[in-house]
Structure formats: C-alpha cells, structure tokens
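Engineer: For the protein sequence lines, the chains are Y and E, in the order given. Residues in the first sequence are numbered consecutively from 0, following numbering that gives the first Met the number 0. Residues in the second sequence are numbered consecutively from 0, following numbering that gives the first Met the number 0. We put the CB at the ideal spot given by N, CA and C, even for glycine. None of the values given here were measured: they were computed from a predicted structure.
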Amino acid sequence: MTTHATTKRSRLDPEPVSRRDFLGLASLWAAAAAVGMATLGMLRLPKAAVLSSPSKKFRVTLPESLPPGQPFIPPGRSVALYRNAEGVFAVSLVCTHLGCIVKQNPDGFACPCHGSLFTAAGAVRKGPAPRALAWHKVTGSGGHYIVDEGVTVPPGTYLKA
Amino acid sequence: MSHSALSEFAANLRAAPRRVLETMFRSGKPTTDRTRSSFVFGNVFLHLHPARTHRWSLRWTTTWGLGILCGASFLITLVTGVLLMFYYKPYPDVAYQSIKDIHFVVPTGQFIRNIHRWAANVMVVGVFLHMARVFYTAAYRAPREFNWLIGMGLFIVTLALSFTGYLLPWDQLAYWATTIGANIAQSPREITDALGITDKFDIGGLQRQLLLGSDVVGEEALIRFYLLHVMILPLALALLMAVHFWRIRKDGGLARPDDADQRLGPPPADTYPVFTEAPQKTYQLAALVKGRTPAVGRGPENTVPTMPHLFYAELGVFMLTILICLGLAIWMDAPLKELANPNVPENPAKAPWYFLGLQELVSYSAFMGGVGIPMIVIIGLGLIPYLDREKTGTGEWFGGPGGGRLVASSVVFGLAAVLAVEVFAIRLGWLREWFPGIPQLVITFINPGTLIAAIYALYSLRVVHRFNSVRAGALALFTCFLCGFVVLTIIGTHFRGPNWHFYWSPADWPMH
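Spelled out as structure tokens, the structure:
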C-alpha cells in the first residue's frame, strides 16, 4: 500500500477525527457544559440576596445619672453605651473571637466561651480574640440616641453630647 | 374443560403465597454450597459481599467488627431519626417546644431521641476506631488507597451530621455551639483581616453566610441545618457508604498478610458447612474481579461461604450495636437545656465532646484551631496511602512486633508533648499576655496548637530518618495525633469551666 503524503486527501481516507466521533464528542461536551452551568446556577441559590435579620438600629435613652466609665446595656441588646468627657460611644458586646456575648466584670468585659478579656473600651487584654470589640455608630442628642449595630466605626469615635 | 381450569386456578391460588416466597428468593433455601453462593450474588443488597469470604477476614482481631458497627449505628440513627421527624418542627422556639413534646408527650418519644443521640455517638466513636484499625493494619495500601479517601469522606460527613443535629433542639447548648461553629467557618477572616484584604476577599464571611443564610443564628440557619441533617448529608453518607462497601469487595476483600494461608493452616475438618454438592466447583466466578479474588493462585481451602459465616458475624455485630445503643439510652437521657437565648451565652459553652479537642485549640486561635489544623490533619491523613508505598506488614497490627514498640514509644512522646505544651500554656499564658501589642498574625501561626502539630511533625520526620521507613513515620505521626486528640478532648471536656478557665473538677466552678 502506498501513501500519498503530498497528494490531496481522498474522500476515502480516514479523517483525523471521524465525523461520527466529532459529533459524539461535541454532544458529550455540550451535555457536560450544560450540566456544569446548571450546577453553577443552582449553587448561586443558597446565597441569599436579602438577609432576613432584624433591624440593626435601635433607640436608647441614657439615664441622666450614668457615671463616666460606667456602661449602660439596653435590655435585650448586646451593646454597651458609655458617656464620658469626650462624648457618647457604643461598644459591641459580641466577642471578636467566636461571637459569644461578653459579660461585664470589674476590669471591663470577659468572654464566657474562650476566656478573652477586654477593657471597658473594648481593647483586647488577654485571650484568643483577634481584634478589639467593635464600636458602633451613635447618633442623636440630649440623652436620646440611635445606635446602629450594622455600622462599625473606628474606636475613639465619640458623639459629642 | 372448564372444571379442570377452575381447579387449576384454585390450586394456583393456594400455592400463591409459597410461590411468592420462592420467586422472591430465586435459588431456594441456602442449604447447599451452590444455593448459598447464589443467595449472596443473586440479591441486590447482599451482593456487595463476595460469595466466599477468606477466613482471615472473619477473625475478630482483623477488624473487631468496627466497620459494621459504624454502618449499624447509621441504620439505627436513620430509623430513629425518621421517627423523630414525625413530631419535630424546624422553626425557632417551636423546635424547642416540639422536642419538649417528644420528651414528655409522645409515646416512647424520649427513648427514641435517646437512642438517636447515643447511636450518633456510637457512630462517631466507631468511625474513629475503624479508621485507627485500618491505619494500624496498613489496610489502606494498594489497591485500597482510594477507599481510604472514601473513608475520610465518610468521617467528615459523620462529623457534619453530628454537628448539624446539634442545633435542632434549639436550646442554649444548641444555639451557642452553632454560633461558635458558624464563627469558626468565618475565622479565615483572622488571616484576611491581618492582610487587610477582607473587603475584597471575604471567604470567611461567605462561608458563614452560606451556612446560616443570614448574619445571625435564626430561622434561616435552623432550616438549613435541618435540610443538611435530614436530607443532604444522609444521602451523601449513603452514597459514600455504597461506594465504600463496593470497593472493599472490588479491591479483593479485606487486607491480609501474604502468608495468611500458611498461618491459618487448613480449615478444621468440622468447618460448617462442608461441601455438600459438586465439591470440585466452588462457585466464585461471580466474585472474579481483576484477578484479586481469594482464588487466584491459591486453592479455595481458606475461604468459607459468606452465607452463613460472614452474615452471621455481621448480624452479631449489628445486634451488639443495638444492645449498646439501647443500654446507653436507658442509662442516660439526651440533654435538653433551656430555650435558646441569643443574649446570654452558656458558660461554659461547649460543643459535643468530639469537638472539644478542637475547641481547646480554638481557644488559642480560631482560625488555626478550627480550620488550619483540621485541614492539615485531613490532608495528611488523605496522603498516607500515597506516601506509604511499602509492602511489608500489610494486614498486620502495627506491621509486626517492632511496630508495636514504635507505637508504644510514640504514645509516650505524643502524650508528653501535648501535656507539656498545655501545662505551659495553662500555667504561664501565651504571647498576648506577655506582649499585649503583638500582631494577631503571629499568634495565629505560633500558638499551642500549631506548636503541638509542629513537634509531632518533626518527631515523625526523625522517625522516618531513623527507621528509614515512611511507614514508621506514619505510625509515629498518626499515634501522636491520636494522643493529642485524646488529651485535648479530655482537657476540653473535664478540665475547662466558666470562661474556659482551667479547673481540676467541675465542683470547683464558681457559681454563676
């Protein structure tokens, strides 16, 4: 049998990929792509577009007699409000380690879950917490304030009372 | 004509129940070697087994029945779990009330819940022990490497099932364990925060949000955990189990030493059942797979029919598992604390016992304890069969007598190292107590957890070098991590009290 490397390929020569194989492979890859894209689309579903969490803003009235350095914790909230010479500020009581609610102690706050200790202003004194407690945005005046737990401000941001 | 057709009809009707049974079991009663074989390979559920089983596989010391223990406890959780679903309602507060109903109103409700919980615990213990058995008998070696990976998948899904089940009662324990778990999922932020890229690349936050469906543990989180617990994870587990069992057979049954036949000797003359029919045939062609059946190159002397030998052994383990779960369920009730209160954490808030070793590590660094070290352990375990390609000692405990000594010295070293680091950290504290301004990244990478892991890794590298054997190093490393796991779990369970302080006994806990 002679080979015709230089001559034009004959209609009868086997093609590099036969038509049947090509169509078969093409449909296989099309099916794979369709399943893949469908899976990607399905994976998108569990990430909620709107989070069903309750409102993060709340009103609070600070007692007139609140001494400086003494936290005021509104009932049912995990935020401590302070009023001192620089102004009013709100410190989150959610531990930055794993989200437990810290408890007040004589030196500031202690986390019951893994023993992190914080100062009254939220700085880490001890333990696994990687960051200081967050400060939240406070607006308002005259003893009536609105705290927004959804907005974190840099520590040292006071609202002039 | 019509008379005989009628009588035939009547006769067929009378015979129908018997014929239904006959057609259900194609080959008749398993009384001969031939029908016993077809009993196994003709049945869709039983044909995961080979028709004949090697006697080595049937020795108790080969497996201690641990794989069947895992499968049996899964079946028990499946049945009791479905029963609990009759009354359980996955909605916050309502969920808690429905568990109360199950406890106090539903007939046998509390008992069923106890069995469910204890079977889940038995399953976790069983999976740990089964994995240790497979490791210490080097049964993960070729051609069983991939089945070891399937087993790792089963291990992870088992733990995930336990964890998702933990939230469902919606009590204080559940709520805070889940809060901690969800924040562990978020803990890669410890790294991204330190690098200052959390705004652009917040994988931790994404993981937490996908898990909870919200930014708090609430109704969205409960329904997700419920879905995972009753649908997605059990399906995944069943699928992986099917592959796992199938591959045991396709990979040639259980691992055994090359000289197993010589060691066992010929079977006793009274081995039941003896060949009763056509003794020159052994009916194991149905089990012929890639030349790895017990028959290749060897006579069938040391195999016995799977029915009844293997099945009776499996049934025995199954009954024993039920007995254990029932006994535990009678002895101790599943706990139910107060209704979840998002404002007051449990103190101490403890995860289920098998996560307390991790929680001990998490108390040093959330990312390393909850994500980093577990990932390293899982990757390390998965690599074992691909790194240890040695041939000697397969199917033997600790690879022979020398291995036993090595494991014993690794136990001593493993215990000493973890105890030394823990005592140091509990007594003297850690970096932040000495250098309050230290960057978080330093603590993330240098903390008691990473220190223990590094000590173990160095020790096993030394063992690899000293014994000139990868298998020896793997034995040392696995043993060390097992010791570390046990010690950390015991510390987390018994010696950590409120604020995760160290206490010798819960009696010393301050009142709170």
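#1: Taking Cβ to Cβ, would you say S56/E is nearer than 8 Å to G252/E?
#2: Assuming contact is defined by CB atoms lying nearer than 8 Å, are T79/E and A118/E in contact in what I supplied?
#3: Give a yes or no on contact between the region 472 to 491 of chain E and the region 410 to 419 of chain E, applying the rule of three or more CB pairs nearer than 8 Å.
#4: Suppose the cutoff is 6 Å on Cβ atoms and the five residues either side in sequence are ignored; what does the same chain contact list for F529/E look like?
#5: Can you give the beta carbon distance from P341/E to Y174/E, rounded, assuming they're within the 8 Å contact cut?
#6: With a threshold of 8 Å, are at least 3 pairs of Cβ atoms found where one atom belongs to the region 56 to 74 of chain E and the other to the region 311 to 324 of chain E?
#7: With which residues is H53/E paired in a DSSP beta bridge?
#8: Run down chain E in chain order and give the residues with a C-beta less than 8 Å from the C-beta of K125/Y.
#9: Between E219/E and chain Y, is the shortest Cβ-Cβ distance under 8 Å, so that the two count as touching?
#10: Could you name each continuous alpha helix (DSSP H) segment of 4 residues or more that falls completely within the region 42 to 129 of chain E, going from the start of the chain to the end?
#11: Please report how far the alpha carbon of K222/E lies from the alpha carbon of P89/E, in whole angstroms.
#12: Just to confirm the assignment: which complete beta strand (DSSP E) runs, minimum length 3, are found wholly within the region 84 to 159 of chain Y?
#13: Identify every residue that forms a DSSP beta bridge with L80/Y.
#14: Would you verify that the beta carbon of Q171/E is, or is not, closer than 8 Å to some beta carbon of chain Y?
#15: Measuring only between beta-carbons, confirm whether L148/E sits less than 8 Å from chain Y.
#16: Counting only beta-carbon separations shorter than 8 Å, does Y458/E have a partner in chain Y?
#17: Alpha carbon to alpha carbon, what distance is there between F110/E and V104/E?
#18: Any idea if R495/E is buried or exposed, counting beta-carbon neighbours within 10 angstroms, 16 or more meaning buried?
#19: Counting along the chain, where does the beta strand (DSSP E) carrying F40/E start and finish?
#20: If you draw a straight line from the alpha carbon of W499/E to that of I425/E, how long is it in whole angstroms?
#21: With a threshold of 8 Å on Cβ separation, who are the neighbours of R17/E within its own chain once the five nearest residues in sequence on each side are excluded?
#22: Bridge partners for K56/Y per DSSP, in chain order?
#23: Give the DSSP bridge partners of R495/E, in chain order.
#24: Unbroken alpha helix (DSSP H) runs of length 4 or more, entirely within the region 432 to 487 of chain E: which are they?
#25: Considering only C-alpha positions, which residue in the set A128/Y, P153/Y, R58/Y, V49/Y is nearest to G75/Y?
#26: How is the alpha helix (DSSP H) around A407/E delimited, first residue to last?
#27: List, in order along the chain, the chain Y residues whose C-beta lies closer than 7 Å to that of Y363/E?
#28: Tell me, please, whether the region 126 to 140 of chain E touches the region 228 to 246 of chain E by the rule of three or more beta-carbon pairs shorter than 8 Å.
#29: List, from N- to C-terminal side, the alpha helix (DSSP H) runs of 4 residues or more that fit wholly inside the region 182 to 251 of chain E.
#30: How would you label Q96/E, buried or exposed, when you count the other beta carbons within 10 angstroms and need 16 or more for buried?
#31: Would you say I98/E reaches chain Y, if we count a Cβ-Cβ gap shorter than 8 Å as a contact?
#32: R130/Y versus chain E: which residues are under 8 Å apart at the beta carbon?
#33: Any beta carbon of chain E sitting closer than 8 Å to that of K46/Y?
#34: Is there a Cβ from chain E that is less than 8 Å from the Cβ of M0/Y?
#35: Do you know how far the Cα of L476/E is from the Cα of I383/E?
#36: Would you call the region 477 to 485 of chain E in contact with the region 341 to 350 of chain E, where contact means no fewer than 3 C-beta pairs closer than 8 Å?
Structural biologist: Taking the definition as stated:
#1: Taking the second sequence and counting its residues from 1, one reaches residue 56/E at position 57. Taking the second sequence and counting its residues from 1, one reaches residue 252/E at position 253. Closer than 8 Å, so yes.
#2: Against the second sequence, residue 79/E aligns to sequence position 80. Against the second sequence, residue 118/E aligns to sequence position 119. Taking 8 Å as the Cβ cut-off, T79/E and A118/E qualify as a contacting pair.
#3: The answer is yes - the region 410 to 419 of chain E touches the region 472 to 491 of chain E, with three or more Cβ pairs under 8 Å.
#4: Because residue 529/E is not part of the residues shown, which for chain E are 0 to 511, the question remains open.
#5: The count along the second sequence starts at 1 and reaches residue 341/E at position 342. The count along the second sequence starts at 1 and reaches residue 174/E at position 175. So it is a contact: roughly 7 Å between Cβ atoms.
#6: As far as the Cβ criterion goes, the region 56 to 74 of chain E touches the region 311 to 324 of chain E, which means the pair count is three or higher.
#7: Working through the second sequence from its first residue, we reach residue 53/E at position 54. Answer is T302/E, bridged to H53/E.
#8: Counting from one through the first sequence, the residue named residue 125/Y turns up at place 126. Residues of chain E with a Cβ closer than 8 Å to the Cβ of K125/Y are, in chain order, G428, R431, E432.
#9: Within the second sequence, numbered from 1, the residue matching residue 219/E stands at position 220. Output row for E219/E: interface = yes.
#10: You should have 54 to 57, 59 to 62, 65 to 84, 93 to 103.
#11: By one-based count along the second sequence, residue 222/E stands at place 223. By one-based count along the second sequence, residue 89/E stands at place 90. The question names Lys, but residue 222/E is Ile in the sequence shown. When rounded, the distance between both Cα atoms is 6 Å.
#12: Those beta strand (DSSP E) runs which fall completely within the region 84 to 159 of chain Y and span 3+ residues are 86 to 91, 102 to 104, 107 to 109, 116 to 118, 123 to 125, 134 to 140, 143 to 152.
#13: Counting from one through the first sequence, the residue named residue 80/Y turns up at place 81. Looking at the DSSP output, L80/Y bridges to F71/Y, A89/Y.
#14: In the second sequence, residue 171/E corresponds to position 172, counting from 1. Q171/E does not count as touching chain Y.
#15: Numbered from 1 along the second sequence, position 149 holds the residue referred to as residue 148/E. Output row for L148/E: interface = no.
#16: The residue given as residue 458/E occupies position 459 in the second sequence. Not closer than 8 Å to any Cβ of chain Y, the Cβ of Y458/E fails to qualify, so no.
#17: Numbered from its first residue, the second sequence carries residue 104/E at position 105. Numbered from its first residue, the second sequence carries residue 110/E at position 111. For V104/E and F110/E, the gap between their C-alpha atoms comes out near 12 Å.
#18: On the second sequence, position 496 is the one that residue 495/E refers to. By the neighbour-count criterion, in which a residue is buried when 16 or more other Cβ atoms sit within 10 angstroms of its Cβ, R495/E is buried.
#19: For this step, residue 40/E is matched to residue 41 along the second sequence. Careful: F40/E lies outside any beta strand (DSSP E), inside the alpha helix (DSSP H) at 32 to 40.
#20: Working through the second sequence from its first residue, we reach residue 499/E at position 500. Working through the second sequence from its first residue, we reach residue 425/E at position 426. Approximately 11 Å between the Cα atoms of the pair.
#21: By one-based count along the second sequence, residue 17/E stands at place 18. Taking R17/E as the centre and dropping the five residues before and after it, the same chain places no C-beta closer than 8 Å to its C-beta.
#22: Looking up residue 56/Y in the first sequence gives position 57. Paired residues: D147/Y.
#23: Counting from one through the second sequence, the residue named residue 495/E turns up at place 496. The partner list for R495/E (beta bridge, DSSP) reads F501/E.
#24: Along the region 432 to 487 of chain E, the alpha helix (DSSP H) occurs as fully enclosed runs of 4 or more residues at 439 to 444, 447 to 466, listed in sequence order.
#25: As a working mapping, residue 75/Y is identified with position 76 in the first sequence. G75/Y has its Cα closest to that of R58/Y, out of A128/Y, P153/Y, R58/Y, V49/Y.
#26: Taking the first residue of the second sequence as 1, we reach residue 407/E at position 408. Per DSSP, A407/E belongs to the alpha helix (DSSP H) from 400 to 427.
#27: Residue mapping note: residue 363/E aligns to position 364 of the second sequence, counting from 1. What Y363/E touches in chain Y, judged by beta-carbon distance under 7 Å, is P127, going in chain order.
#28: Contact annotation: the region 126 to 140 of chain E does not touch the region 228 to 246 of chain E, with fewer than three C-beta pairs closer than 8 Å.
#29: Segments of the alpha helix (DSSP H) lying fully in the region 182 to 251 of chain E: 188 to 194, 202 to 211, 218 to 226, 232 to 249.
#30: The residue given as residue 96/E occupies position 97 in the second sequence. Its Cβ having fewer than 16 others within 10 Å, Q96/E is exposed.
#31: Against the second sequence, residue 98/E aligns to sequence position 99. Contact with chain Y is absent for I98/E, since none of that chain's Cβ atoms lies less than 8 Å from the residue's Cβ.
#32: Here residue 130/Y is taken as the residue at index 131 of the first sequence, counted from 1. Within chain E, D192, Q439 have C-beta atoms less than 8 Å from the C-beta of R130/Y, given in sequence order.
#33: In the first sequence, the residue the question calls residue 46/Y occupies position 47. In terms of beta-carbon proximity, K46/Y lines the interface with chain E, with at least one pair separated by less than 8 Å.
#34: Here residue 0/Y refers to the residue found at position 1 when the first sequence is read from its first residue. Residue confidence is low: M0/Y scores 47 on pLDDT, short of 50, so the model does not pin down where it sits. Its coordinate-derived value is still stated next. Chain E contact via Cβ: absent.
#35: As a position in the second sequence, residue 383/E is number 384, starting the count at 1. As a position in the second sequence, residue 476/E is number 477, starting the count at 1. I383/E and L476/E have their C-alpha atoms some 10 Å from each other.
#36: At 8 Å Cβ cutoff, the stretches do not touch.
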